[in-house]
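Sequences listed follow chains A and B, in order. Per this note's numbering, the first sequence starts with residue 215, numbered consecutively. Per this note's numbering, the second sequence starts with residue 106, numbered consecutively. Backbone N, C-alpha and C define an ideal beta-carbon position, used for all residues, glycine too. Take a look at the structure below.
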Amino acid sequence: MNNIRNRIEHQFAAFARKIYHHRFKTIFLMLIAIGALLSQLPTIKIDTSTEAFLHKNDPALLTYNDFRDQFGRDEVVIVALKPQQVFDAIFLKTLAKLHTELEENVPYIDDITSLVNARNTRGEEDLLIVEDLLENWPETEDQIQEIKQRALSNPMYENMLISKDGTFTTIIIRTQSHSSMGLEDEIMDGFEDFDDTIEVSADTERKYLTDEENTEVVLAIEKIVEKYRSPDLPIYLAGSPAVVHFLKQAMMSDMQKFMLLAVLAVAILLYVMFRRVTGVILPLVIVILSLLSTISLMAISGVPIKVPTQILPSFILAVGVGSSVHILAIFFHRLRKTKNKEESIVYALGHSGLAVMMTNLTTAAGLMSFSNADVAPVAEIGIFASAGITLAFIYTIVLLPALIAVIPLSSKKTETLRKNNRIMDSVLESIGRFSTTHPKKILFVSFGIIAIAFVGMFSIRFSHYPLKWLPETNTVRVATEKIDKELNGSMSMEILFKTDRENGLYKPELLNRIETAGVDFEKISFKEIFIGKTWSVTTILKEINQALNENDPDAYTIPQNKPLVAQEFLLFENSGSDDLEDFVDSQFSMARLTLKVPFVDGILYDPLEEKITAYLNKNFHDVDFQITGLVALIAKTFNNTITSMAESYLIALCIITLLMVILIGRIKIGLLSMIPNLAPIILMLGVIGWFGFPMDLFTMMIASIAIGLAVDDTIHFMHNFRRYYDQSGDPKKAVFETLHSTGRAMLVTTIVLSIGFFIYMFASMQNIIRFGFLTGFTIIMALASDYFIAPALMVLVNKKRA
Amino acid sequence: MNIIFRFIGLTLLITFLIPVSFAIAEDEKAREIMQNVDDRDDGDNQTSNMLMTLIDKHNKERIRKLSLFSKDKGEDTLRLMFFIHPADVKDTSFLTYDYDDPDKDDDQWLYLPALKKTKRIASSDKSDSFMGSDLNYSDMTSRNLEDYDFFLKKEIQVRGKDAWVVESIPRSKDIIDETGYSKSLLIVQKDIYFVVRAVNWEKTGGYVKYMDVVTLEQIDGIWVGTEMHVAKKKGKQTVHKTILKFNNVKFNQGLEEDLFTVRRMEKGL
C-alpha cells in the first residue's frame, strides 16, 4: 500500500515538473479547451416549473403529458378580486374592462373565464339559451339582480368564479399547453403541402410552454392587474404559474448574490491565509473557470438551471477552492525555505496531490450518489457538481503549476502572517492537548450527543412544499393562501376515466358513478387538505338537462336514458359552446374529473391520492382510470424525494467507507474513521428532527454533500496522523504534529466551506436558507469531530510504542 | 342556393348578396372576382346525403351521417337535416332559417327524439364549432360582400387549373368576433369562379384552418364540391381534421315549404 502511495506521489511530482517546463503550451491549450467550452455558456436555460422536478421519462410525467395533450394545461393563473360589491353596475364594467384587456394583451392565452363570459345555459319556454352570463349587458338594477340570481344559483360558478359568500370574484386564465417557439407563419408552405393528403401528425415533437413564455404571461398579467388594483379593490394573483414565476425571479437575483458573496468570502479568506495577491487570484481564477465550465456543460447537455441547482455555483466556488488551498499552503511554505518555484511546486504536488485527489474523489462520490435520484434536479446536481469538482481538481493540478511558472513570486514572509499562525497554532495546540488527555470523556460526551441526535431522527417529517419556499410576506404566497381559503383551493388533481370505446360515456350508469365519485370526494378532508369542488362532464349534462326541462331545479340530474344522453351532448355541441372539449375526448370515450384542492405539502397529496385510488379501485374496477394533474406531480416528487434520499445515503455511505478503507489501507482503522465522518451527519439529522425542520429535497441533499466534505478533513487528518505515528510511534505526539501541519489548512477550508454555505442564509427562498444554515453547521461539526473525536479515537486505539 | 357549400364552409365567400358600389384601398379586380363567385348558379331545391368524418389529433375517427334538404325562399335559405348515424342520435334533426337580413339572428330548432321535444337554439355567436367539426356556424351562413376588403395576391395553379389567390380582410372587429376569423385567403378556380381552397386565420389561439375541395363534380349543370377536407393547424401541426363527402346530390327536387317546419321535422325522415 505504501509502495503504491509512493509511486502515485512520485507521479504527481513528475507531472508538476512536466507542466512547469511546458508552461506556455499548457496555458495555451487549456485556454483553447476552456474557451471552446465557455462558448456554449450563453445557451443555458432556466426552468422553475413543477414538472421540472421529475425526469422526462417519469411515468407520472408521461401520464401528465398525455393529459395536457388531450385537455390542455391544468395550471391556471387566478386573478381574484374583492370589490365592495360584486353585482354592481360600476364594478361589473371594471371587471369586463379588465377581462378584455387581459384577453387582448396577455400572450399564449388558451382560455380566459370570468363572470363576463361564464357559460350560462338555461331554458326559456321552447328556447334553449347557451350564452355568456353578461352577453346582454344589464342596464337596470333589476337586470343586475337577475344576473346575480343566475350567478349565485349556478353550482358550477361557486368557488370557481365567485366565492361562496359572494365577496370574491375571479378571472381564470389558462395558458396554452404547448410552446409557440419555432412555429412560424409560413402560411404558403402549409398551403403547398396541401396537395399531399392531410396527415394528422403526432404531437410528440412539440414542446410544452416554456419557462420564459410562462414568465411573459405572468408579467403581462401583473402589469395589467396593477392598473386596476386599489385600496377599494384588492386584487390577488395566484396559481402555480405565478408561483413558478416568482420562484424564478427570486432564484435569479439570489444566484447573483450568492456568487458575488462566495467570491468575496473566498477572496478574503485566501488573503488572510496567504497574505499575497497571487494567493487570492490564482485559486479564484481556477474555481471561476471550473464553475463557468460546469455551467457550460449543463448548457451543452440541455439541462436547465432549476430551483435546487441554484446552489451549484457557490457550491463549486467554495468546494473547488479547497484543492488550490491545500497545494498552495505547502507550496508557499516550501518556497520560503527553498526560494525555488519549480522545486516548491513539484514538492507541493508530490506531497499533497494524492490527498487532494482523494478528497475530491470522496466529495464527488458523495455527490454522485444523487446521480440516480428520481428527483431530476437532484440527479443533475449530483452529476454536474461532481463534474465541477473534478474539473476544479484537473484545472488545479494543470493550471496551478503552469501559472506559478509564469508569474513572478517573492519568497518573503510577512510579520502578520507569522502572528496569525502563532494564534492559530496555540489554539490548535490546546485542542490537541485536550483531546489527547481526555479521550474517554470526549468519546462519552460525543456518543451521548449522537445518541440524543439519533433519537431526534425518528421525528423527521418529510415534505415537498414549493409554496412555503416563498417568504411569508411574498404576494403570491399570500394570494395563494387567501384563495385557498376563500375559494376552496387553487390547485387541481385530475382523474381520467378511459372506457376505450367510442361513445363509452353515453352510458348513464357510468356517468352516475362519476357523478357520485365527485360528490363522495368532496367529503374528503384531513389535516390541512380538503377537496373544495369537483366537476366533470356530468356538470354540463346536468346543466343542459335542467335547461331542457324549463329550468326545473329538480331536473339538474343526469338523464337515465342512453339515447337522451347522446342527444343532449349533440345538442350542446351545436349550441355554440365548445366547452365539452375540456371534459371529454372527441370520441366520448374518456372523461375527466377535476378535483380542486388547496396548495399544501406533498406529504398530504400522497395519502389523498391513495384514498382516491382506493375508492376508484373499488368503484371503477371495469374502467381504466388514471390520476394526474399538477398535484399528482407534486405527490410524485415528494415520493421520489424519499426513495432518492434512501438510495443516495446508502450509496454515499458504501462508497465513502470503501474509499476510506482503501486510502487508510487497514479495514479496522478505515471503519473507525467513519465515526468522526458520520457523527456530524447524525447530529445534523437530529437537529432537523428535534427542531421540526422539513426534510425536503434540499435538506435531504445535506447529508450526502456534507459527508463528502466531512471526509476530506478526516482524510487529511488520518493521512498525516499515520505518517507522523509511523515516524515517532507516539500517538499523542502524532496528533499534535498532525494538528500543527494539516490542522491549519483544515480550519481554513472549513471556514471557507461553511461560509460558502452560510451565504445561502441570505436567500429569499426559505428552503435555501435552511439548506445553507444546516450544511454550514454540519461542516463545522465535521471539523469539530476531526479535532476531538478523531484524536481521541486514535489515542485510544494506537498504543504508544517504545 | 347550393346547400352544400353553405354546409362545407365556402358559402361565406360565395353568397355575398349586396354588391358594393365603391371600394376604398382595395382591389377592383379582386372584388370583381368575388362578385362573379357570388353570382355563380349554385342550384336550388336540393337533396343530398352527407358523410362527416371527424379525426382528432390521436387519429381517432368519429363518423356522422346526415340527410340534407334545402330550399331558397326569396333571399333567405331554409335547411333541414336529419341524423342517420350514429344510432343513438338517429332522427335527431336540425331546422335552420338563414335570414339574408344581417340584423336578424338566424333561427335554429333542434328536435330530440329521446325527449320528444323541439328546442329553439339561441346563439348569436357563430364562431363555435359546428357538430364538433372544423367548420363553424359562420362557415355555413351567408355574409355580406361589403363587410370585407379584397386583395388579389397572385395567380397559381391548383390541380392543373389556373386560379386567383384573393385575400379577404374583415372591415370591422364585429365581423371578426362574429365569424371568428381575422382574415382569409381564397383560391378561386378561374374557369368556373369556384373557391376550391381557402385558408382562414382564427382570431384566437393561433390556429389556421385549411379547406380544400378535393372532388369537384358537375351535377345538373351545377358545380358541386362532393368531397372536402378541412384541417385545423397550428404551425405545421394538424390538431384536428374533418372530411366531408356528399353523395346522391340532386337539384330541383320540388321541395315544398311545408317540409321546413317543426311539425315535419318531428316526424322524422
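query, result
"Distance CB(residue 143(B))-CB(residue 327(B)) smaller than 8 Å", "no"
"CB contact below 8 Å: residue 801(A) versus chain B", "yes"
"Contacting positions in the region 440-469 of chain A - beta carbon closer than 7 Å to chain B", "none"
"First through last residue of the beta strand (DSSP E) which encompasses residue 376(B)", "Since the first and last residues shown for chain B are 106 and 374, residue 376(B) lies out of range."
"Interface partners of residue 219(B) on chain A, CB under 9 Å", "773, 775, 776, 777, 778, 779, 780, 781, 782"
"Uninterrupted beta strand (DSSP E) stretches inside the region 147-173 of chain B (no shorter than 3 residues)", "151-160"
"Beta carbon of residue 751(A) nearer than 8 Å to that of residue 798(A)", "yes"
"Residue interval of the alpha helix (DSSP H) (run including residue 867(A))", "844-878"
"Proximity test, Cβ basis, 8 Å: residue 425(A) and chain B", "no"
"Residues within the region 254-279 of chain B neighbouring chain A, beta-carbon criterion of under 7 Å", "none"
"Short CB-CB distance (under 8 Å) between residue 374(B) and chain A", "no"
"Nonlocal neighbours in the same chain, by C-beta distance under 6 Å from residue 128(B), ignoring five residues either side", "Here the model assigns residue 128(B) a pLDDT of 37, short of 50, so the residue's position is not dependable, and the following value carries that caveat. Result list for residue 128(B): 136, in chain order."
"Min CB distance residue 152(B) to chain A below 8 Å", "no"
"Boundaries (first-last residue) of the beta strand (DSSP E) holding residue 213(B)", "212-217"
"Close beta carbons around residue 371(B), own chain, < 7 Å, minus the five adjacent residues each side", "216, 223"
"Close Cβ partners of residue 225(A) (< 6 Å) along its chain, the five nearest in sequence each way excluded", "none"
"Which of helix, strand or coil DSSP assigns to residue 234(B)", "strand"
"Under 8 Å between C-beta atoms of residue 1021(A) and residue 567(A)", "With chain A represented from 215 up to 1016, any question about residue 1021(A) goes unanswered, as that position is not in the structure."
"Residue 297(A) to residue 464(A) span [Cα, whole Å]", "30 Å"
"Within 8 Å, strictly: CB atoms of residue 289(A) and residue 809(A)", "no"
"Exposure of residue 806(A), with buried meaning 16 or more beta-carbon neighbours within 10 Å", "buried"
"C-beta atoms of residue 849(A) and residue 539(A) nearer than 8 Å", "no"
"CB contact flag (residue 580(A), residue 866(A), <8 Å)", "yes"
"Residue 199(B) - DSSP class collapsed to helix/strand/coil", "strand"
"Element boundaries [beta strand (DSSP E), containing residue 707(A)]", "705-712"
"Test item: CB-CB of residue 312(A) and residue 385(A) under 8 Å", "yes"
"Distance between beta carbons of residue 522(A) and residue 912(A), contact taken as under 8 Å", "6 Å"
"Sequence-distant residues of its chain with Cβ nearer than 8 Å to residue 794(A) (five each side left out)", "751, 754, 783, 786, 787"
"7 Å Cβ shell around residue 504(A) - same chain, five flanking residues per side excluded", "530, 534, 602, 605, 606, 609"
"Proximity below 8 Å, CB of residue 926(A) to CB of residue 576(A)", "yes"
"Paired residues, beta bridge with residue 269(B) - DSSP", "260(B), 293(B)"
"Where the beta strand (DSSP E) through residue 589(A) begins and ends", "Taken as a continuous stretch (DSSP letters only), residue 589(A) belongs to no beta strand (DSSP E), as it is neither H nor E."
"Entirely enclosed alpha helix (DSSP H) segments - the region 352-394 of chain A, minimum 4 residues", "355-367"
"Within 8 Å, strictly: CB atoms of residue 461(A) and residue 262(A)", "yes"
"Cα-Cα separation between residue 362(B) and residue 176(B), rounded to whole angstroms", "8 Å"
"Whole-angstrom C-beta distance between residue 303(B) and residue 290(B), which should lie under 8 Å", "7 Å"
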